[in-house]
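Written below as structure tokens is the structure these notes are about.
Protein chains in written order, with this note's numbering: chain A, 5 to 90; chain B, 102 to 244.
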């Protein structure tokens, strides 16, 4: 089952998403006059904002975990897997 | 394990998924806006070959290495190549499209103010790729 889910995920990324993308982006209706510089650079800056925010949260979480769950932390406790007296 | 809560993980997943969906929707919308060509856009045939660009306007006017356009009009580029892969790029107007032998790729733009801008090849296409340049000259409307 897990393999199937994985397979469908890979298929979705490699086949379905580009196909759906093409199907929707290639409409026949005429477009409006616009400044593509504004559209594209605005999108770029918004994506950079999201990218850096997510990056900061993810790396911050990892750094905090490394700090909090280090062996020498005052509140460190042995896990059941270690199974030794502390 | 008793006393274990995984709600922060679900919040985390929810926030990231929401951000990804938002990013996808924004990109989709930008692509939709940028891809659809205005009905009255003038077609310019762009041909790339080692190592220069040539242009043909709708009225048959041909230009090599220089392209004259007017403020306030929309232009649709039909981009092709005579030999190897090139990429037609007007950096200042964020126009970028590959020129592929046997294919016609399209991209459009509408210049907003008079000026001179660089045209360049953005796909390595051989020895003199670095100098496969042109000039876009945006002029005031003639009429």
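Quick reminder that beta carbons are idealized off the backbone N, C-alpha and C, glycines included.
- By the CB criterion at 8 Å, residue 238 of chain B and residue 192 of chain B fall outside the cutoff.
- Per DSSP, the beta-bridge partners of residue 153 of chain B are B:150.
- For residue 113 of chain B, the enclosing alpha helix (DSSP H) covers residues 108-136.
- Beta-bridge partners assigned by DSSP to residue 209 of chain B: B:177.
- Distance from the CA atom of residue 48 of chain A to the CA atom of residue 78 of chain A, rounded to whole angstroms, is 44 Å.
- For the segment 126-158 of chain B, the residues whose beta carbon sits under 9 Å from a beta carbon of chain A are, in order, 127, 128, 129, 130, 131, 132, 133, 134, 135, 136, 137, 138, 139, 140, 141 and 142.
- Put simply, the CB of residue 33 of chain A is near chain B, with a gap under 8 Å to one of its CB atoms.
- Burial is judged here by how many other beta carbons sit within 10 angstroms of a residue's own beta carbon; residue 70 of chain A has fewer than 16 and is exposed.
- Distances from the alpha-carbon of residue 215 of chain B to those of B:183, B:208, B:171 and B:156 put B:171 closest.
- The DSSP-derived three-state label of residue 190 of chain B is strand.
- Residue contact check for residue 85 of chain A against chain B: no CB pair falls below 8 Å.
- For residue 120 of chain B, the C-beta contacts it makes with chain A under 8 Å involve 54, 57 and 58, in order along the chain.
- Residue contact with chain A for residue 213 of chain B: present (Cβ-Cβ distance below 8 Å to some residue of chain A).
- With its beta carbon less than 8 Å from one in chain B, residue 36 of chain A belongs to the interface.
- Per DSSP, reduced to three states, the secondary structure at residue 142 of chain B is coil, with no helix or strand assignment.
- Between the C-alpha atoms of residue 201 of chain B and residue 183 of chain B there is a straight-line separation of about 8 Å.
- The Cβ of residue 194 of chain B sits closer than 8 Å to at least one Cβ of chain A.
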